[in-house]
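Protein chains in written order, with my numbering: chain F, 692 to 850; chain C, 99 to 862. The beta-carbon is built from N, C-alpha and C at its ideal position, and this holds for glycine as well. Owing to the predicted nature of the structure, the values given are computational and were not obtained by experimental measurement. Worksheet: the structure to be examined is printed underneath.
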Amino acid sequence: MRTLKFILNGDPTETGVNDGETLLEVLRNRLGLTGTKQGCDQGECGSCTVLIDGKPVLSCLTLAVRVENRHVTTIEGLAEGGKLHPVQVSFHEKGAIQCGFCTPGMVLTAKALLDRNPHPTRNEIKEALAGNICRCTGYKKIVEAVEQAAKMMAEKADG
Amino acid sequence: MGEKNEYRCIGRNTPRTDGLAKVTGSALFSADIQVSRCLTGKILRSPHAHARILSIDTKKAEALPGVKAVVTGADAPVRYGILPVSQDEYPLAVDKVRFIGDEVAAVAAIDEATALQALDLIDVRYEVLPAILDPREALVRDDVKIQERTQEANIERRIHLVFGDMEKGFAEADYIREDRFFKDAASHAFLEPHSALAQFSDGKLTLRTSTQVPHYVQRALSKVLGIPADKIRVIKPVLGGGFGGKGEPLPLEFAASLLAIKSGLPVRITHSREEVFLTHRGRHPVEMTLKTGVKKDGTITAVQFNSLLDGGAYGSYGVVTMIYSGQLLTAPYRVPAFSFDSARVFTNKPPCGAQRGHGGVQPRFAFEVHLDRIAADLGLDPLEVRYRNAIDPNTVTVNELRITSCAFKECLDKVAETVDWKEKRGKLPYGKGIGLAGGFYVTGAAYPIYANPMPHSQAQIRVDRDGGVTVFSGASDIGQGSDTLLMMITAEALGVPEQSVRVVSADTETTPVDLGSYSSRVTFMAGNACRQAALEIRDHLLAACAAQLARNQKTLTITGGYLFEHGKEEPLMTFAEAAVLAEAAGVALCAMGSYRPPELAGSYKFGGVGPSPAYSFGAQTAEVEVDTETGEIRVTKIHCAHDLGFALNPLTASGQAEGAVVMGFGETLLEHHAFLPGGRHSGPNFLDYKVPTFLDVPEVDVTLVESVDPCGPYGAKEIGEGSLHPSLPAIVNAIYDAIGCWFHELPLTPEKVLAAIAKKKEAP
Numbered sequence: 692m693r694t695l696k697f698i699l700n701g702d703p704t705e706t707g708v709n710d711g712e713t714l715l716e717v718l719r720n721r722l723g724l725t726g727t728k729q730g731c732d733q734g735e736c737g738s739c740t741v742l743i744d745g746k747p748v749l750s751c752l753t754l755a756v757r758v759e760n761r762h763v764t765t766i767e768g769l770a771e772g773g774k775l776h777p778v779q780v781s782f783h784e785k786g787a788i789q790c791g792f793c794t795p796g797m798v799l800t801a802k803a804l805l806d807r808n809p810h811p812t813r814n815e816i817k818e819a820l821a822g823n824i825c826r827c828t829g830y831k832k833i834v835e836a837v838e839q840a841a842k843m844m845a846e847k848a849d850g
Numbered sequence: 099m100g101e102k103n104e105y106r107c108i109g110r111n112t113p114r115t116d117g118l119a120k121v122t123g124s125a126l127f128s129a130d131i132q133v134s135r136c137l138t139g140k141i142l143r144s145p146h147a148h149a150r151i152l153s154i155d156t157k158k159a160e161a162l163p164g165v166k167a168v169v170t171g172a173d174a175p176v177r178y179g180i181l182p183v184s185q186d187e188y189p190l191a192v193d194k195v196r197f198i199g200d201e202v203a204a205v206a207a208i209d210e211a212t213a214l215q216a217l218d219l220i221d222v223r224y225e226v227l228p229a230i231l232d233p234r235e236a237l238v239r240d241d242v243k244i245q246e247r248t249q250e251a252n253i254e255r256r257i258h259l260v261f262g263d264m265e266k267g268f269a270e271a272d273y274i275r276e277d278r279f280f281k282d283a284a285s286h287a288f289l290e291p292h293s294a295l296a297q298f299s300d301g302k303l304t305l306r307t308s309t310q311v312p313h314y315v316q317r318a319l320s321k322v323l324g325i326p327a328d329k330i331r332v333i334k335p336v337l338g339g340g341f342g343g344k345g346e347p348l349p350l351e352f353a354a355s356l357l358a359i360k361s362g363l364p365v366r367i368t369h370s371r372e373e374v375f376l377t378h379r380g381r382h383p384v385e386m387t388l389k390t391g392v393k394k395d396g397t398i399t400a401v402q403f404n405s406l407l408d409g410g411a412y413g414s415y416g417v418v419t420m421i422y423s424g425q426l427l428t429a430p431y432r433v434p435a436f437s438f439d440s441a442r443v444f445t446n447k448p449p450c451g452a453q454r455g456h457g458g459v460q461p462r463f464a465f466e467v468h469l470d471r472i473a474a475d476l477g478l479d480p481l482e483v484r485y486r487n488a489i490d491p492n493t494v495t496v497n498e499l500r501i502t503s504c505a506f507k508e509c510l511d512k513v514a515e516t517v518d519w520k521e522k523r524g525k526l527p528y529g530k531g532i533g534l535a536g537g538f539y540v541t542g543a544a545y546p547i548y549a550n551p552m553p554h555s556q557a558q559i560r561v562d563r564d565g566g567v568t569v570f571s572g573a574s575d576i577g578q579g580s581d582t583l584l585m586m587i588t589a590e591a592l593g594v595p596e597q598s599v600r601v602v603s604a605d606t607e608t609t610p611v612d613l614g615s616y617s618s619r620v621t622f623m624a625g626n627a628c629r630q631a632a633l634e635i636r637d638h639l640l641a642a643c644a645a646q647l648a649r650n651q652k653t654l655t656i657t658g659g660y661l662f663e664h665g666k667e668e669p670l671m672t673f674a675e676a677a678v679l680a681e682a683a684g685v686a687l688c689a690m691g692s693y694r695p696p697e698l699a700g701s702y703k704f705g706g707v708g709p710s711p712a713y714s715f716g717a718q719t720a721e722v723e724v725d726t727e728t729g730e731i732r733v734t735k736i737h738c739a740h741d742l743g744f745a746l747n748p749l750t751a752s753g754q755a756e757g758a759v760v761m762g763f764g765e766t767l768l769e770h771h772a773f774l775p776g777g778r779h780s781g782p783n784f785l786d787y788k789v790p791t792f793l794d795v796p797e798v799d800v801t802l803v804e805s806v807d808p809c810g811p812y813g814a815k816e817i818g819e820g821s822l823h824p825s826l827p828a829i830v831n832a833i834y835d836a837i838g839c840w841f842h843e844l845p846l847t848p849e850k851v852l853a854a855i856a857k858k859k860e861a862p
């Protein structure tokens, strides 16, 4: 057991962890942030995606000790001051959610894409999200939601 | 039924009621619910495909510090099963194990590591028995009995049905063709692994579980645990996809309950991804033969169908799957004479059960390809053949299915027009092709799983003093959006804004019974129940207001949250004020609605499986490109036209079809639930079991066709399952158009394509 210090959703956070514990386990079991989902625990489905220093990472394959002093963003931390991120808004409005289990990971991966590439093509969206499996939607409405989010963010930047 | 623009709520794209909770991470799935002192449960599984259990010693496991309870089959040696005719499962194995992964014992401990360590300390002695993995062997082998209840070899059940005059049908045919097909197993692969959280206190069991069928789980728990149903509360939290795989009571639900009872502490069991695949209950592998007679113009005169279903180790839904496999071939084409012979056998593999499109998917693939082959043999256009045989509304099929609303021809028209069928079919360059297929599906089963005379769905609605409306419904939102639909239907019927309606659902203690989310029944049945309750409240409210205001009730109406008098623009009062007025007059503003389908059973044995109060219809075209060097198939586009009756929420309806089409696409080309020679699953993970990703899927274009069903809520039927059926054969038929090769076995791999191309070159 050792003490892990990192910045979680903007807040300084300290928790005890075992050496072998994954970031996913720490988030869900020690810190009670259950928005990050465990879909396969093998790095194959993308449901556990979180952002580390803004980049999407599979938390089920990340040892918790690796995030010492780094910034971790989970789905709970995406809305700023209670205001939903455009990706969240557009997923909701465009019907890009069905069961919602893949949604947290999908939303965070899309957010990271739009941060580094504000005007992605349809293929760039598909490539960026290809590691996140959705079994419900057939993906069409997710692509549309990311496109709408890009537009919303561009309008916000212009305005 | 009125025109769409008369409606204020339904018919409009409406985001899900739980959408915001799901995008912010606050939606609580079963595994997310935190309770203090919760133990972690783990299940010990059989390493053998078939073995007798000689002894189980749990002493060492029990002695391990941190272990709070250990249970085995001896703790609840009571059989259960989703079908009354197939009560062949135990919560944990008794005497025998029947597949690699079969549940043997379970442990509850203070954490996962301790629970796993305890599993290693359980000493089970087995006498290994010969295993049967091949359904053909199961059909004849009498010396090995997987389930003791089978009379002949390992055949669970056989069925033989004949409708119409087969001899005459084939005698009248100008051409007869016979084909054999095989559709291998597929699994649901929902993203949320099964998870069950059990709590037991004061003699009462509460189970929060990822189930599509809380009511059936409650019944099975009561039977197995010997606890009265009123002391068992089953709650379905937010559920992460089911597709049939969470549609029956499952061992982890019993194991968690037994451990909670024994330990006196809350126990959660969450499956690993591997355990999800081993629990399975997915698509049956089915071997099929079809013999069809047609006139020169393609008019069908008779169809003979045989199927052999590889059921795996337990009954599950399999008898229904078997009956559906034949029953659902008598539409959407007129079949004047039809016979079918089927058998479902047991093998030492994870049990197969119901998966999206249940029962109809495999035979639909076979029949639509078979029909295209007949068209090719006769030099006919596959579209014309389908059109010529297409059934019309208000007909009865040869096996007595009562078809009311039906827009199958419109669906064919729609896809043919969109894809430019006449210009493209048979005219694209080598390697490119388009294909067509049709289909239909039930909108809920006409009969409940256990025979009873009660409603299939009930809904209770209550109006508060502030005008808030609460719907209590047993219906399970499993991601398809039923809570949202019930909100919309209630708001529409009652005349209030959607925001004032909230839905409380899927909790056996607080909500009236709904049989569950399976066979595409919820929109139709829970929707009708909800609408009935809402209309009744509306009547009570209007009567009370009329009396209090000294008006004629017929002149009053509720719209948009206000009480209006006919002919006046200004409302008399708000809905909330009207509710207060009625309540002050002693009128209880609550009502119960219910739905039970009419008597629809066929006049023959098994005639209760197949009938539905309404049927959805659909047609799809697929556009493919085949790389003739690598055998790779790229499906570029699928167009789906589906007669769903009425699109209550077009946003979620189109989403259902898009998901179903992609699932069908996956089953055709990627997904293979396969086993190694000894019976071990070949790859119970998402690397080996290939679910389509963003980069695999075709462009999917959905057209919602509205036939407005006379009995559906506002005319609605179903779309979530029927829209899967045509995807598989449409792709296979398109591949024929592209490279001139037919494929009768799925899934279809590049290797099979290359082999077929090579064979065709050898003997063109």
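For T582 (chain C) against V567 (chain C), the beta-carbon gap comes to about 15 Å, at or over 8 Å, which does not count as contact.
With contacts defined by Cβ atoms closer than 8 Å, V374 (chain C) and P291 (chain C) form a contacting pair. The distance from the Cβ of V795 (chain C) to that of G730 (chain F) is about 19 Å, inconsistent with a contact at the 8 Å cut-off.
In this structure, the straight-line span from the alpha carbon of G171 (chain C) to that of V322 (chain C) is close to 11 Å.
Secondary structure in the segment 420 to 486 of chain C: the alpha helix (DSSP H) runs of 4 residues or longer, each lying completely within the stretch, are 459 to 476 in chain order.
Contact of E835 (chain F) with chain C by beta-carbon distance below 7 Å is absent, the smallest such distance being about 11 Å. Rounded to the nearest angstrom, the gap between the Cα atoms of R454 (chain C) and I421 (chain C) is 16 Å. Bounds of the alpha helix (DSSP H) holding D511 (chain C) are 506 to 517. When 9 Å is used as the limit between beta carbons, R114 (chain C) is near these residues of chain F: H783, G786, I788, Q789, G791, in chain order.
Nearest C-alpha to V803 (chain C) among C:S821, C:S598, C:Y787: C:S821. Here the alpha carbon of V183 (chain C) sits roughly 25 Å from the alpha carbon of Y693 (chain C).
Distance from the CA of V756 (chain F) to the CA of I154 (chain C), rounded to the nearest whole angstrom, comes to 40 Å. If you draw a straight line from the Cα of I398 (chain C) to the Cα of A474 (chain C), it comes to about 15 Å.
Taking 8 Å as the CB threshold, G109 (chain C) stays off the interface with chain F. Within the same chain, and ignoring the five residues on either side of A686 (chain C) in sequence, the residues whose Cβ sits closer than 8 Å to its Cβ are H638.
Nearest neighbour of G700 (chain C) by Cα position, chosen from C:P461, C:V494, C:L118, turns out to be C:V494. Assignment of alpha helix (DSSP H) within the segment 725 to 770 of chain C, counting only whole runs of 4 or more residues, yields 748 to 767 in chain order. For the segment 824 to 850 of chain F, the set of positions with a beta-carbon nearer than 9 Å to some beta-carbon of chain C reads I824, C825, R826, C827, T828, G829, Y830, K831, K832, I833, V834 in chain order. Runs of the alpha helix (DSSP H) lying entirely within the segment 779 to 831 of chain C, each at least 4 residues long, are absent. Taken in chain order, the whole alpha helix (DSSP H) runs of length 4 or more contained in the segment 640 to 721 of chain C are 673 to 682.
In this structure, DSSP gives A149 (chain C) an extended state, which the three-state scheme calls strand. Look at Q185 (chain C) here: in three-state DSSP terms it is coil, with no helix or strand label.
Using beta-carbon distances, L820 (chain F) counts as an interface residue toward chain C, with a partner under 8 Å. Listed by position along chain C, the residues whose Cβ is nearer than 9 Å to that of D744 (chain F) form an empty set, because the closest Cβ is around 20 Å away. Distances from the alpha-carbon of A689 (chain C) to those of C:A557, C:G424, C:L793 put C:A557 closest. Shown here, R239 (chain C) sits in coil according to DSSP, grouped into three states, outside any helix or strand. At a cut-off of 8 Å, the C-beta of E290 (chain C) has a neighbouring C-beta in chain F. Following the DSSP letters along the chain, one finds D702 (chain F) inside the beta strand (DSSP E) bounded by residues 702 to 708.
If you look at D282 (chain C), you'll find it isn't in any beta strand (DSSP E); DSSP assigns it neither H nor E.
Burial state of A856 (chain C) is exposed, judged by a 10 Å Cβ sphere holding fewer than 16 other Cβ atoms.
Neighbours of L785 (chain C) in chain F, taken as residues at a C-beta separation under 8 Å, are given in chain order as Q733, E735.
When secondary structure is reduced to three states using DSSP, M843 (chain F) falls in the helix class.
Counting along the chain, M552 (chain C) sits inside no alpha helix (DSSP H), nor does DSSP assign it H or E at all. A Cβ of chain F is located within less than 8 Å of the beta carbon of G753 (chain C). For the segment 763 to 776 of chain F, residues whose beta-carbon sits nearer than 8 Å to a beta-carbon of chain C comprise T765, I766, E767, L769, A770, L775.
Secondary structure within the segment 267 to 340 of chain C: the beta strand (DSSP E) runs of 3 or more consecutive residues, fully enclosed, are 273 to 281, 293 to 299, 302 to 307, 330 to 333 (chain order).
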